[in-house]
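A.B. asks:
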Amino acid sequence: MTGTIAPLPAGRPLPALVVRKSTHRSAPRRLLAAVAGAAIVVAVLVWAGLRWSDDQAAAVADDLASAAATGHANLLASELGKFRLLPLVLAEYPELAAAFRGEPAARRLDRDLELLADRTGAAVIYAVDASGRTVSASNWRRPTSFVGQRYGFRPYFIDAMQRGAAELFALGTVSGRPGLYLARRIERQGRALGVIVVKVEFDRLEASWRRTPGFTLAMDADGIVLATSRPGWRFAALVPLSTRRLADTRRTLQFGPAPPRRAPVTIAGRSAQVQEPAAMDGTVFRVARTASPLAGGVVLHFTPLAPAALAARSQALLVGLAALLVLAIAGALALRSVERRRLQVAAREELERTVAERTAELRESNTRLGRESEERLAADRRYRAAREELAQASRLGSLGQITAGVAHEISQPIAAIRAYAENGLAFLDRASTGRARDNFDRIVGLTERVGVITGELRAFARRRPGEDTTTTVGRVLDGMLLLTPERTRALLRLRVDDTLRDVAVVGDRIRLEQVLVNLLTNAADAAADITSPVIAIDVDDLVDRVTIRVRDNGPGVVAALRESLFEPFVTGRADGLGLGLPIAREIARDYGGDLVMVDVPEGAEFVLMLTRA
1 MTGTIAPLPA GRPLPALVVR KSTHRSAPRR LLAAVAGAAI VVAVLVWAGL
51 RWSDDQAAAV ADDLASAAAT GHANLLASEL GKFRLLPLVL AEYPELAAAF
101 RGEPAARRLD RDLELLADRT GAAVIYAVDA SGRTVSASNW RRPTSFVGQR
151 YGFRPYFIDA MQRGAAELFA LGTVSGRPGL YLARRIERQG RALGVIVVKV
201 EFDRLEASWR RTPGFTLAMD ADGIVLATSR PGWRFAALVP LSTRRLADTR
251 RTLQFGPAPP RRAPVTIAGR SAQVQEPAAM DGTVFRVART ASPLAGGVVL
301 HFTPLAPAAL AARSQALLVG LAALLVLAIA GALALRSVER RRLQVAAREE
351 LERTVAERTA ELRESNTRLG RESEERLAAD RRYRAAREEL AQASRLGSLG
401 QITAGVAHEI SQPIAAIRAY AENGLAFLDR ASTGRARDNF DRIVGLTERV
451 GVITGELRAF ARRRPGEDTT TTVGRVLDGM LLLTPERTRA LLRLRVDDTL
501 RDVAVVGDRI RLEQVLVNLL TNAADAAADI TSPVIAIDVD DLVDRVTIRV
551 RDNGPGVVAA LRESLFEPFV TGRADGLGLG LPIAREIARD YGGDLVMVDV
601 PEGAEFVLML TRA
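For the sequence shown, the positions run 1 to 613 when the UniProt record's numbering is used.
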């Protein structure tokens, strides 16, 4: 076997080395070919993108120009349609014939035409007699008045006298302002008396055109610009004018003493370029034209191509960048696919370790949160218990003040019960059972009143509120009155509509009585030193709420205590604890209401707001 495996000659391993070397040498060529191919593809894509962006920009600019040209032509037609009816209507005006015959009627017509021009927005309205002299005009008050001026040489006068009506866009010989002259012949009994002329200026129309990007030209049949959003181009010609047309403009002064000049623009198809020493010099525009309401004319709108081209190229650039980004992402994803597989195992192990750590942390946090939640619940229970203890203390304190007055209320019925009982025994001895029964009935009524008063005191002194969460306004007010001493009731002015007594409100009757008793006690103490003390209680209905306003005419609350009056232990009385108002507000807010103090000129006023049930 050793004889069959002969060692390779010294040159035999070289073929493998030669092959690798050949592959290594061909790699730059393939790289160069790939780069060249990529460059060609990029160049083709760039060329195609530029062509597409140019076509897209032209299409967008053409649409904008067409829309603007149509809109501006419609606006011009609407403006002209309004004024073209005016000469037709004025031709039948009865004062016109009189104005052509005499001075007084002409002066009356001046005022009528002035008023009509002001209401319609016409630049000027004037009447020219058959000799060409203006006899009446709406601008008769101004230094540029047309009255007395002769316009027999103007084409619109000549054409109107010959054909009955005429239109001419021209420069005013007196005012120097351009406008459209609408003329109509005035006839009476078959005889031509003169012409009524309405001049229309397009300042507002041109200002409206200027709000559109680019500029607009309204031309006549000879290509002369009559109305435009570029004032410097007015009366410029887009095409060369014939010698006869130039002679007519000089003779009639239609465009002033100077003949129309050429407009600095070159139009080729739907593309145009401006040549003037201004910001638009060299700017390329897309042009759209449409029929004009002026006889034989057209409306042109020039939309700049640059914004649309910029937007289209930006769009093409974004699409190209997005494509390159997608390719780059795809390549990056391919390169990272192997690395991702290798990292998955390590990531999974790291994830399991992290999950275990986080699970332990969450378990510990959950335990800690449970303890904190229990502590908060316990603190809340302690707070509620303390607040109820304070409310109970406030009720018992109020009860001590109430008891003296209520004792007097009970002593009278008890004395009356004794008297009626003694009388009843006497009547029984006399066998007067009817009168005895009457005395015993009265005793029953008085004991019921005593029971009501003592029952109200027992209910008021309870530590916990009742189970009912709704009551009526009448029950709260009646309970308040039972707990109010007689000397305080003597000061009370209670104003409540009978329809409000049965209105149900949210809240426990006993706790709401505590609020009102507290407010009445404070009001009685505040008005104790007043010569004529008065405590007013008003009940108002506010659709979704009921308000009970308690007002006294005492000295009021001092300014220093107004901001902190509802804070615990803040009081204006030397013997007060400062707990009544804070507890009263807490009770009101527990049932969705509130207790506030409002500013009044005299005394103090507190408003208890209760929610309807």
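Idealized CB from N, CA, C, for every residue including glycine.
Would you say residue 602 and residue 549 are within 8 Å of each other, going by their C-beta atoms?
C.D. replies: No; because the gap between Cβ atoms is not below 8 Å, this pair is not in contact.
A.B. asks: Answer yes or no: do residue 128 and residue 157 have a C-beta to C-beta separation smaller than 8 Å?
C.D. replies: Yes. Within cutoff.
A.B. asks: By Cβ distance, which residues of its chain are closer than 8 Å to residue 193, with the 5 residues on each side in sequence left out?
C.D. replies: 96, 97, 100, 129, 130, 186 and 187.
A.B. asks: Taking only three categories from DSSP, how would you classify residue 580?
C.D. replies: Correct three-state label for residue 580: helix.
A.B. asks: Can you check which of these residues, 530, 524, 532 and 511, is closest to residue 584 by C-alpha distance?
C.D. replies: The residue with the shortest Cα to Cα distance from residue 584 is 511.
A.B. asks: In angstroms with no decimal places, state the Cα-to-Cα distance between residue 155 and residue 121.
C.D. replies: The straight-line gap from Cα to Cα measures roughly 24 Å.
A.B. asks: What residue range is occupied by the uninterrupted alpha helix (DSSP H) comprising residue 244?
C.D. replies: Note, residue 244: alpha helix (DSSP H), 243–252.
A.B. asks: CB-CB under 6 Å to residue 618, same chain, minus the five flanking residues each way: which ones, in chain order?
C.D. replies: In the structure as shown, the chain begins at 1 and stops at 613. Residue 618 is therefore absent and cannot be evaluated.
A.B. asks: In whole angstroms, what is the alpha-carbon distance linking residue 431 and residue 440?
C.D. replies: Rounded to whole angstroms, residue 431 to residue 440 spans 14 Å at the Cα level.
A.B. asks: Would residue 301 pass as a contact of residue 176 if the rule is Cβ separation under 8 Å?
C.D. replies: No.
A.B. asks: Can you list, in chain order, the residues of its chain whose CB lies under 6 Å from that of residue 496, leaving out five sequence neighbours each side?
C.D. replies: If we look at residue 496 and ignore the five residues flanking it on each side, its Cβ neighbours are 539.
A.B. asks: Using only the alpha-carbon positions, how far apart do residue 315 and residue 275 sit?
C.D. replies: Whole-angstrom Cα-Cα distance: 30 Å.
A.B. asks: Less than 7 Å separating the Cβ of residue 90 from some heavy atom of the ligand FAD?
C.D. replies: The ligand FAD is not part of this structure, which contains no ligands at all.
A.B. asks: So residue 72 and residue 299 are in contact, right, with Cβ under 8 Å, and what is the actual spacing, rounded?
C.D. replies: Contact holds; Cβ gap of about 6 Å.
A.B. asks: What runs of the alpha helix (DSSP H), each 4 residues or longer, lie entirely inside the segment 135–190?
C.D. replies: Those alpha helix (DSSP H) runs which fall completely within the segment 135–190 and span 4+ residues are 155–163.
A.B. asks: Would you mind reading off the limits of the beta strand (DSSP E) that contains residue 604?
C.D. replies: Segment 604–611, the beta strand (DSSP E) holding residue 604.
A.B. asks: Suppose you measure from the CA of residue 553 to the CA of residue 490; what does that come to, to the nearest Å?
C.D. replies: When rounded, the distance between both Cα atoms is 15 Å.
A.B. asks: Output yes or no for whether 8 Å exceeds the beta carbon distance between residue 61 and residue 303.
C.D. replies: Cβ atoms of residue 61 and residue 303: closer than 8 Å.
A.B. asks: DSSP state of residue 259, grouped into three classes?
C.D. replies: Three-state result, residue 259: coil.
A.B. asks: Report the rounded CA-to-CA distance for residue 455 versus residue 448, giving the unit in angstroms.
C.D. replies: Taking the straight line from one Cα to the other gives about 10 Å.
A.B. asks: From the DSSP output, in three-state form, read off residue 565 for me.
C.D. replies: In this structure, residue 565 counts as coil in the three-state DSSP scheme.
A.B. asks: Locate the beta strand (DSSP E) running through residue 271, then write down its first and last residues.
C.D. replies: Here the beta strand (DSSP E) through residue 271 covers 271–274.
A.B. asks: Could you tell me which of 153, 340 and 492 sits nearest to residue 551, measuring between CA atoms?
C.D. replies: The shortest C-alpha separation from residue 551 is found at 492.
A.B. asks: How about residue 631 and residue 476: do their beta carbons lie closer than 8 Å?
C.D. replies: Only positions 1 to 613 of the chain appear in this structure, which leaves residue 631 out of reach.
A.B. asks: So the alpha helix (DSSP H) residue 521 belongs to, where does it begin and stop?
C.D. replies: Taken as a continuous stretch (DSSP letters only), the alpha helix (DSSP H) holding residue 521 covers 509–526.
A.B. asks: On the premise that residue 160 lies in contact with residue 133, defined as a C-beta separation below 8 Å, what is that separation, rounded to the nearest angstrom?
C.D. replies: Actually they are not in contact, since the Cβ atoms of residue 133 and residue 160 sit about 15 Å apart, beyond 8 Å.
A.B. asks: According to the Cβ coordinates, are residue 224 and residue 264 closer than 8 Å?
C.D. replies: No; because the gap between Cβ atoms is not below 8 Å, this pair is not in contact.
A.B. asks: Grouping DSSP H, G and I as helix and E and B as strand, with all else coil, what is residue 4?
C.D. replies: The predicted position of residue 4 is uncertain, since its pLDDT is 45 and thus under 50; a value taken from the coordinates is nonetheless stated next. DSSP places residue 4 in coil when its eight states are reduced to three.
A.B. asks: Since residue 285 is in the beta strand (DSSP E), which residue starts that stretch and which ends it?
C.D. replies: Where residue 285 is concerned, the enclosing beta strand (DSSP E) stretches over 284–291.
A.B. asks: According to DSSP, is residue 100 helix, strand or coil?
C.D. replies: Note: residue 100 maps to helix in three-state DSSP.
A.B. asks: Closest to residue 266 by C-alpha separation, out of 533, 287, 324 and 471, would be which residue?
C.D. replies: That would be 287, whose Cα lies nearest to the Cα of residue 266.
A.B. asks: State buried or exposed for residue 451, treating a residue as buried only when at least 16 other CB atoms are found within 10 Å of its CB.
C.D. replies: Result: exposed.
A.B. asks: Counting only the same chain and skipping the five closest in sequence on each side, list residues whose C-beta sits under 6 Å from that of residue 65.
C.D. replies: Closer than 6 Å at Cβ, skipping near neighbours: 286, 288, 301 and 303.
A.B. asks: Can the beta-carbon of residue 227 be found less than 8 Å from the beta-carbon of residue 202?
C.D. replies: Result yes, Cβ atoms of residue 227 and residue 202 sit closer than 8 Å.
A.B. asks: Whose C-alpha, out of 327, 338, 262 and 197, is nearest the C-alpha of residue 139?
C.D. replies: Nearest of 327, 338, 262 and 197 to residue 139, Cα basis: 197.
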